[in-house]
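Engineer: Going line by line, the protein sequences match chains A, B and C.
Just so we're aligned: the first sequence equals residues 14 to 90 in the numbering used here.
Just so we're aligned: the second sequence equals residues 12 to 234 in the numbering used here.
Just so we're aligned: the third sequence equals residues 2 to 228 in the numbering used here.
Next up is a structure, given as structure tokens.
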Amino acid sequence: MTTAEVYVTAAFLVFLAVVLAWLVVYAFKMRRLEREVEEMAAADPEPGQNPDVPKVVPAGDADANAERASRAPEPVS
Amino acid sequence: MTRAMAARQYVSDVAVLARKDARLELRSRDTVPAMLLFVVGALVVFHFAVPADLDEETERVVSFGLLWVALLFTAILGLTRAFVAEREQRLIDALVLAPCDRSAIWLAKTIAVVAFLLLAELIALPAFALFFVPVGGATIAAVLLANIGIAAVGTVLSAVSAASRTRELLLPLLLLPLAIPIIVGGIGASVTDEPAQFLAFLALYDAVFAIISWSTFEYVVTE
Amino acid sequence: MSLRNNLGPAFALVAFMFLIAAFALAFYWVPTDADQGFSQRIFYVHVPLALTAYACFAWGAWKALRLLWTNDNKYDLESYTAVHMGVIFGILVLVTGAIWARISWGVWWSWGERQLVLFLVLFLFYCAYFMLRNSVDAGPRQARMSAVYALFGVVLIPISFLAIRLSENFIHPVVFTRDGPQMAASMFFVFCLSTVGTIALATALYHVELSGKRLDLKLKQRRKSYS
């Protein structure tokens, strides 16, 4: 392989490497989020009982979640 | 309230606020003396940073570079103090509750910062001319224009950093990338044979960033 | 099932197809540039990355403007994620640019390369953006300040570019220049493929990351409402 080919390949591989690194970071983050959701579900198995708590919606519906998040009143701490 | 009345009210708000800053500074005498001492001290330090055996042209170019760096850091010094008094005495809440347009606060503070910079430069430029090389008209014009740009952007960022956890530490980080075009314009005007385009560029920077600072300031100070 | 839910996967698919095609063509089909030789092919990854980074910063600024306009906090995460994407792609621009400089001129960095210097300034700026977010507690205030700073950033892009161009008059003589490629139609075609693919990739990553951030926020809010 000529020098030029090495460097060109390196450039494309760096691109791939960064995207894969992002993927790794995200995989870990998703695992943490899933664990937290399970913890939360275990702590409060029947979300219907507490009127202050917004209804649990499948996580995939990101748009509805965002709407609800922005409209829900700030919890009083 | 008619347009003319609102405009007059705005101008008088700005005047009142600017006068407040001037009076505070006259009484406490914190900021301007510190800026003066800093800029002269920086120039002396820079003398030792410039190698001795340079030809005249290179020395001139390097010296002006150091002048602009010194001015920038002096401005940062002054700006870190810009909202400290307000924050410490909770004046900023009072100011924000006052029935004036929030952007008037920005304009008044910017005018005050420009005034402080001018006072510091009144000493700094002659000192530079004494220690290094003489200062021409283009440099002075560039300094005047740069003052406006730095003050405009710096006031907004100073309010931002005053409200942050890290306070003064944040301001230089936020400001330096935005200050790079000012440095380029300033040095270009000081050093090259065609200062006009650099002065025009500084004027453009001032106009653009003054407008955006003026319109976004209120979002920075409201809770 | 709304269209919104499918955006992430849809863009990921588009990115996959376009980038595979673009990279394969860039390596095996496209004619070699007469002047620069094989190393010119980095152009097919470097410039699309730059365009994508600009697009991300612009998108972040647009969402920031929407936030200030409507005072709706949902735009905060969108703006933040867009800026984050912009920085990731910006780092890629700097690295691929350095590789290209190395193979073209033997140095890892050239102040004469305007695009690279501009991205360095932007990188500094947007790193400060993250420092800003970190030093203000989460909430509407953090959202608003980040939005204001994001707007300053997008204004800085053309001004910085102008400054860098002006500075070449007196700072570093432009020793290394690269003529804009006299692009054959095939080269332009692959370039377009790569650009569309890279933007699609950024969009896909953006949507995935945004969902993750939104989920995180909701969990934090639930946790706060329990305690």
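No residue lacks a Cβ here, since even glycine has one placed at the ideal position from N, Cα and C.
1) Are the beta-carbon atoms belonging to Ala29(B) and Ala119(B) less than 8 Å from one another?
2) Do the CB positions of Ser136(C) and Arg176(B) come within less than 8 Å of each other?
3) From the DSSP output, in three-state form, read off Gly38(C) for me.
4) Please classify Glu210(C): does DSSP put it in a helix, a strand, or coil?
5) Is there a Cβ of chain B sitting closer than 8 Å to that of Val243(C), yes or no?
6) Would DSSP call Gly91(C) helix, strand or coil?
7) Which residues of chain C have a Cβ atom closer than 7 Å to the Cβ of Arg19(B), listed in chain order?
8) For the candidate residues Asn158(B), Gly76(B) and Leu187(B), whose alpha-carbon lies nearest to that of Ala126(B)?
9) Please report the distance separating the alpha-carbon of Leu133(C) from that of Ala131(B).
10) Could you give the C-beta distance for Leu52(C) and Thr196(C), rounded to a whole number, given that I count them as a contact under 8 Å?
11) Whole-angstrom Cβ separation of Ala163(B) and Thr227(B), contact assumed at under 8 Å?
12) Using the Cα positions of Ala65(C) and Val149(C), report the straight-line distance between them to the nearest angstrom.
13) Have a look at Val176(C) and Arg103(C) and give me their C-alpha separation to the nearest angstrom.
14) Looking at the structure shown, is Leu65(B) part of a helix, part of a strand, or coil, going by DSSP?
15) Rounded to whole angstroms, what is the Cα-Cα separation between Phe94(B) and Thr16(A)?
16) With a cut-off of 8 Å, does the C-beta of Val84(C) fall near any C-beta of chain B?
17) Could you spell out the range, first to last residue, of the alpha helix (DSSP H) harbouring Pro145(B)?
18) Quick check: what's the CA-CA separation for Thr33(C) versus Ala22(C)?
19) Taking 8 Å as the CB-CB limit, is Phe126(C) close to chain B?
20) List, in order along the chain, the chain A residues whose C-beta lies closer than 8 Å to that of Phe39(C)?
21) Just to check my reading of the structure: Ala9(B) and Leu54(B) have Cβ atoms closer than 8 Å, yes? What is that Cβ distance to the nearest angstrom?
22) Pick from Leu65(B), Ile194(B), Gln20(B) and Arg92(B): whose alpha carbon is nearest that of Thr150(B)?
23) Which word fits Met146(C), buried or exposed, when buried means at least 16 other C-beta atoms lie within 10 angstroms of its C-beta?
24) Any C-beta of chain E sitting closer than 8 Å to the C-beta of Ile158(C)?
25) Mind checking if Val88(C) is an interface residue toward chain B, Cβ cutoff 8 Å exclusive?
26) Who are the neighbours of Ala129(C) on chain B, taking C-beta pairs under 7 Å?
27) Name the residues in the stretch 190 to 215 of chain B whose C-beta lies less than 9 Å from a C-beta of chain C; which are they?
28) By the three-class DSSP mapping on this structure, what secondary structure does Asn170(C) have?
29) Against Leu181(B), what residues of chain C qualify as contacts under a CB-to-CB distance less than 7 Å, listed in chain order?
30) Where does Trp109(C) sit, in a helix, a strand or coil, going by DSSP?
31) For a contact defined as C-beta to C-beta under 7 Å, what are the partners of Ser161(C) on chain B?
Structural biologist: According to the structure shown:
1) The beta carbons of Ala29(B) and Ala119(B) sit closer together than 8 Å.
2) Result yes, Cβ atoms of Ser136(C) and Arg176(B) sit closer than 8 Å.
3) Strand, per DSSP.
4) It is helical.
5) Given a span of 2 to 228 for chain C in the structure shown, any question on residue 243(C) remains unanswerable.
6) Reduced to three states, the DSSP call for Gly91(C) is helix.
7) For Arg19(B), there are no C-beta contacts with chain C under 7 Å, since the nearest C-beta of that chain is about 28 Å from it.
8) Per the Cα distances, Asn158(B).
9) If I take the Cα positions, the gap works out to 29 Å.
10) Confirmed, Cβ separation roughly 6 Å.
11) The pair is not a contact, with the Cβ atoms about 11 Å apart (cut-off 8 Å).
12) Straight-line Cα distance between these residues: approximately 7 Å.
13) For Val176(C), the predicted structure reports a pLDDT of 49, less than 50, and the residue's modelled location is therefore unreliable. A value from the coordinates is still provided. Looking at the backbone, the Cα of Val176(C) and that of Arg103(C) are separated by about 14 Å.
14) Note: Leu65(B) maps to coil in three-state DSSP.
15) Each residue's alpha carbon lies about 56 Å from the other.
16) Not closer than 8 Å to any Cβ of chain B, the Cβ of Val84(C) fails to qualify, so no.
17) Taken as a continuous stretch (DSSP letters only), Pro145(B) belongs to no alpha helix (DSSP H), as it is neither H nor E.
18) Distance between the alpha carbons of Thr33(C) and Ala22(C) is about 18 Å.
19) Chain B has a Cβ within less than 8 Å of the Cβ of Phe126(C).
20) Around Phe39(C), the beta-carbon contacts reaching into chain A at under 8 Å are Thr15, Ala17, Glu18 and Val21.
21) Only positions 12 to 234 of chain B appear in this structure, which leaves residue 9(B) out of reach.
22) Of the candidates Leu65(B), Ile194(B), Gln20(B) and Arg92(B), the one whose C-alpha sits nearest the C-alpha of Thr150(B) is Ile194(B).
23) Buried.
24) Here the protein chains are A, B and C, and chain E is not one of them.
25) Not closer than 8 Å to any Cβ of chain B, the Cβ of Val88(C) fails to qualify, so no.
26) Around Ala129(C), the beta-carbon contacts reaching into chain B at under 7 Å are Leu184, Leu185 and Pro188.
27) Correct list: Ile191, Pro192, Ile193, Ile194, Val195, Gly196, Ile198, Gly199, Val202, Thr203, Glu205, Gln208, Phe209, Phe212 and Leu215.
28) Reduced to three states, the DSSP call for Asn170(C) is coil.
29) Listed along the chain, the chain C residues whose CB falls inside 7 Å of the CB of Leu181(B) are Met132, Leu133 and Ser136.
30) Assigned with DSSP and collapsed to three states, Trp109(C) falls in coil, not helix or strand.
31) Chain B residues near Ser161(C): Ile191 and Pro192.
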